[in-house]
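Peer 1: Supplied in structure tokens, the structure appears directly below.
Numbering (mature numbering (1 follows the signal peptide of the UniProt record, and there is no 0)), first residue to last: -20 to -1, 1 to 116.
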């Protein structure tokens, strides 16, 4: 019985350690910048730096809307493919982007104004231009 308890303790300890390691944010694209363009005419200038990101709408109905110093997390999901997400607590919005730098395309998904009566979601895609890619 002691042996079984020891084995279970070791399994739980390693599982917890593995889970904790997965929860650490990764900043794999620090130094990357780009513009991406949606089919509806909207465009965003996007920069990633020191574990944070900033964006500014440079075309379309939201032109001029911007934010900066937003903490982000990222994961590499394939060759030159990444998923990036962040929370804007002030709105509150949660956004996830998937970048395929081989094909210069991106996809976005967001839950905006979540937890409020004005909550809505978006799912869209666009093309990437003016890319400066830094992979870590």
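Idealized CB from N, CA, C, for every residue including glycine.
#1: Suppose the cutoff is 8 angstroms on Cβ atoms and the five residues either side in sequence are ignored; what does the same chain contact list for residue 99 look like?
#2: Considering only residues of the same chain and omitting the five flanking positions on each side of residue 78, which have a CB-CB separation below 6 angstroms?
#3: By alpha-carbon positions, which one of 57, 103, 41, 9 ends up nearest to residue 34?
#4: Helix, strand or coil: how does DSSP classify residue 114 here?
#5: Is residue 25 helix, strand or coil by DSSP?
#6: Is it right to say residue 54 is buried, meaning 16 or more other beta carbons lie within 10 angstroms of its own, or is it exposed?
#7: Taking only three categories from DSSP, how would you classify residue 70?
Peer 2: The relevant details are as follows:
#1: Within the chain shown, residue 99 is the residue found at index 119, counting from 1. For residue 99, where only same-chain residues beyond five positions count, the Cβ hits under 8 angstroms are 91, 92, 93.
#2: Start at 1 with the first residue of the chain shown, and residue 78 comes out as number 98. So the list reads 63, 87, once near-sequence residues are dropped.
#3: For the purposes of this step, residue 34 is taken as the residue at position 54 of the chain shown. Of 57, 103, 41, 9, the residue nearest in Cα terms is 9.
#4: Looking up residue 114 in the chain shown gives position 134. Here residue 114 sits in coil by DSSP.
#5: The sequence position of residue 25 within the chain shown is 45, counting from 1. If DSSP states are grouped into helix, strand and coil, residue 25 belongs with the strands.
#6: Position 74 of the chain shown, counting from 1, holds the residue named residue 54. By the 10 Å Cβ count, residue 54 comes out buried.
#7: As a first step, residue 70 is located in the chain shown; it is residue number 90 there, counting from the start. In this structure, residue 70 counts as coil in the three-state DSSP scheme.
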